[in-house]
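A short write-up of the structure that comes next.
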Amino acid sequence: MIRSVEELVAEHPLLRGLPVDAAPLVAGCARLKRFEPGQLLLKEGEDADTFYLVRRGTVRIEVGTPGRSPLVIETVGAGKVVGWSWLLPPLQWQFDARAAGPVATIAVDTGCLRAKAETDPAFGYELLKRLSSMLLDRLQATRFRLLDLYAPPGTGDHGSR
Amino acid sequence: MVLAEPSLSTPSRHPLTPAPHVVVGRRRETADVVTLSLEPCEDADQFLPGSFAPGQFNMLSAFGIGEAAISISNGPGEGPLQHTVRDVGPVTHALCETEPGGLVGVRGPFGNSWGVDTGPGANAPSVDVVVVAGGIGLAPLRGAIEHLLGGSSLGGGRVFILVGARSPDQVVFVGDIERWRHAGAYVEVSVDVATASWDGRVGVVTSLLEDAPFDPSKAVALVCGPEVMMRFSVRALLERGLSAERVRLSLERNMQCGIGSCGHCQLGPWLLCRDGPIVTWASGSAILLGERDR
Chain A
62 MIRSVEELVA EHPLLRGLPV DAAPLVAGCA RLKRFEPGQL LLKEGEDADT
112 FYLVRRGTVR IEVGTPGRSP LVIETVGAGK VVGWSWLLPP LQWQFDARAA
162 GPVATIAVDT GCLRAKAETD PAFGYELLKR LSSMLLDRLQ ATRFRLLDLY
212 APPGTGDHGS R
Chain B
75 MVLAEPSLST PSRHPLTPAP HVVVGRRRET ADVVTLSLEP CEDADQFLPG
125 SFAPGQFNML SAFGIGEAAI SISNGPGEGP LQHTVRDVGP VTHALCETEP
175 GGLVGVRGPF GNSWGVDTGP GANAPSVDVV VVAGGIGLAP LRGAIEHLLG
225 GSSLGGGRVF ILVGARSPDQ VVFVGDIERW RHAGAYVEVS VDVATASWDG
275 RVGVVTSLLE DAPFDPSKAV ALVCGPEVMM RFSVRALLER GLSAERVRLS
325 LERNMQCGIG SCGHCQLGPW LLCRDGPIVT WASGSAILLG ERDR
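Residue numbers (my numbering), protein chains in the order written: chain A, 62 to 222; chain B, 75 to 368.
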């Protein structure tokens with residue numbers, strides 16, 4: 062069964078439970094897009110014109126270093142969002158995002174979605190709340206990792222398990 | 075009973091007298107973590123290999139240097155007694171450096187257990203067990219995992235093993251993790267930092283809880299790792315719908331005597347060497363959250 066972009070958009074955790082008239086607004090800016098393993102979804106420094114709702118597969122958020130293997134900052138799986146820098150200026154990607162394997166996404170045109178959010182503030186506010194919730198999760202996870210919890214304890218044998 | 079309450083088992087010899095054990099195996103897990111396999115010396119009043127339960131700990135002594143509390147990292151009846159030790163101080167350094175044939179002292183077993191050692195119930199309901207481990211916190215859980223995967227005590231439930239580590243080279247028991255996966259467990263490993271050669275997850279261990287397909291209404295969680303990591307993990311488990319009574323964590327304080335006499339391991343009303351190290355979040359949350367400075 063072939064399912065419409067609107068149906069798939071409505072099922073994604075970012076948008077699940079939105080008022081029924083909201084899914085068509087997003088779907089009007091969206092298309093389905095697949096990526097092969099190793100293919101870039103986002104490239105650092107490029108215009109943030111499309112972000113992705115991941116449907117299947119895993120995406121690596123990376124920092125590239127010329128001549129070296131990229132550092133993987135985080136992996137993002139199904140139900141998550143890849144790409145936040147489209148929300149605020151300078152509207153450029155800050156990191157690379159690469160498919161770790163076959164990845165199925167809903168690609169959303171950011172200019173189109175921003176325009177609809179500006180035109181329909183209720184929709185825009187609801188969208189921003191949901192994006193903020195995911196951003197908060199990401200921020201808290203980042204703080205957690207900043208603690209470097211698994212690092213060796215200071216000194217002494219306590220903490221050796 | 076599928077999973078008993080954390081239980082107590084007492085040592086068979088005088089609890090303050092170390093029994094000399096010989097190191098019969100030494101395996102390096104990471105740059106600073108070693109697993110020692112120990113067998114009692116022939117003339118020792120023996121520590122019985124089957125007389126402990128997963129989750130308990132022993133006091134290991136490096137003769138002439140000191141003692142440290144180290145969890146038992148295998149299950150009862152699984153060959154020589156095993157302890158996985160991180161080199162963080164003089165005693166643990168000496169233990170980690172002990173070559174096969176060397177001697178260490180063993181007192182124990184002390185403390186309570188994860189409660190997975192009581193065998194299958196005849197009418198065991200299905201239960202999922204969610205194991206959340208951070209870093210070397212996987213060591214006290216290893217025996218419990220082996221027991222759960224080797225028996226029918228889940229009544230048709232499944233084992234979920236979620237492991238967090240600093241980097242791929244800091245993941246302990248790599249071979250076991252693969253074996254557990256092949257044995258039917260749901261296994262995910264996440265690291266804080268990785269290069270592209272790592273094909274696992276990158277992120278906090280709590281993110282693994284979002285995707286693990288366990289049934290929170292019938293799941294029990296066993297959590298061990300740095301205390302802050304456990305707090306975050308508990309929060310995520312509760313958000314998934316587990317009740318506080320079904321979340322168990324292994325705490326670590328300054329264990330010394332092992333029998334609740336010296337008081338060094340006091341945490342609120344507990345002497346953790348005796349009343350712990352395993353507590354439920356229902357019983358421990360007020361103490362763990364209240365212990366912090368305001």
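Every residue, glycine too, gets a C-beta built ideally from N, C-alpha and C.
Using the rule of at least 16 other Cβ atoms within 10 Å of the residue's Cβ for burial, across every protein chain shown, is threonine 136/A buried or exposed? Label assigned to threonine 136/A: buried.
Rounded C-alpha distance that separates lysine 177/A from leucine 76/A: Cα to Cα, lysine 177/A sits roughly 15 Å from leucine 76/A.
Taking 8 Å as the cut-off, does the region 200 to 209 of chain B touch the region 171 to 184 of chain B (at least 3 CB pairs, one atom from each stretch)? Contact between the region 171 to 184 of chain B and the region 200 to 209 of chain B is absent, because fewer than three Cβ pairs lie under 8 Å.
Are three or more beta carbon pairs between the region 105 to 120 of chain A and the region 162 to 177 of chain A nearer than 8 Å? Verdict: yes, contact present.
Under 9 Å Cβ-Cβ, which residues of chain A neighbour tryptophan 254/B? Neighbours of tryptophan 254/B in chain A, taken as residues whose beta carbon is under 9 Å from its own, are absent, since the nearest beta carbon is some 19 Å off.
Classify tryptophan 344/B as helix, strand or coil using the three-state DSSP reduction. Strand.
At what residues does the alpha helix (DSSP H) containing lysine 113/A begin and finish? The amino acid occupying residue 113/A in the given sequence is tyrosine; lysine does not appear at that position. In the DSSP assignment, tyrosine 113/A falls outside any alpha helix (DSSP H) and lies within the beta strand (DSSP E) extending over 111 to 117.
What distance in whole Å lies between the Cβ atoms of proline 89/B and glycine 238/B, which are believed to be in contact at a cut-off of 8 Å? Between proline 89/B and glycine 238/B the Cβ distance is about 34 Å, and since that is not below 8 Å, they are no contact.
At what residues does the beta strand (DSSP E) containing phenylalanine 184/A begin and finish? Not the beta strand (DSSP E): phenylalanine 184/A falls in the alpha helix (DSSP H), residues 182 to 207.
Where does histidine 256/B land, buried or exposed, given buried means 16+ other C-beta within 10 angstroms? Exposed is the call here.
Spell out the partners DSSP gives isoleucine 55/B in its beta bridges. In the structure displayed, chain B extends from 75 to 368; residue 55/B sits before or after that span and is not available.
In the DSSP assignment, what are the bridge partners of arginine 275/B? In the DSSP secondary-structure assignment, arginine 275/B is bridged to Ser264/B.
Express the C-alpha separation of glycine 189/B and glycine 195/B in angstroms, rounding to a whole number. Confidence in glycine 195/B is poor, its pLDDT being 39 and thus under 50, which makes the residue's placement too unreliable to answer from.
Within-8 Å CB hit, threonine 172/B to chain A: No, threonine 172/B does not count as interfacial toward chain A.
Nearest-angstrom Cα separation, counted from proline 300/B out to glutamine 155/A: The alpha-carbon separation between glutamine 155/A and proline 300/B amounts to approximately 31 Å.
Output yes or no for whether 8 Å exceeds the beta carbon distance between proline 351/B and glycine 217/B. No, these two residues do not count as a Cβ contact at 8 Å.
Within-8 Å CB hit, glycine 208/B to chain A: Yes - at least one Cβ of chain A is within 8 Å of the one on glycine 208/B.
Determine the burial state of glycine 291/B: buried for a count of at least 16 other Cβ atoms within 10 Å of its Cβ, exposed for fewer. Here the sequence assigns serine to residue 291/B, which means glycine is not the residue at that position. If you draw a 10 Å sphere on the C-beta of serine 291/B, you find fewer than 16 other C-beta atoms in it, and that means exposed.
Check whether the Cβ atoms of glycine 185/A and aspartate 110/A sit closer than 8 Å, and answer yes or no. No, they are not a contact pair.
May I ask you to list the residues that DSSP assigns as paired with leucine 93/A? Per DSSP, the beta-bridge partners of leucine 93/A are Ile167/A.
Once you ignore the five residues that flank glycine 337/B on each side, which residues in its own chain have a CB closer than 7 Å to its CB? So the list reads Leu345, once near-sequence residues are dropped.
Cross-strand partners of aspartate 108/A (DSSP beta bridge): DSSP lists Gln153/A as partners of aspartate 108/A.
Exposed or buried, which one is valine 124/A when buried takes at least 16 other CB atoms within 10 Å? Classification for valine 124/A: exposed.
Can you check which of these residues, Arg95/A, Ala212/A, Met195/A and Pro182/A, is closest to leucine 86/A by C-alpha distance? If we check each option's Cα against that of leucine 86/A, Pro182/A comes out closest.
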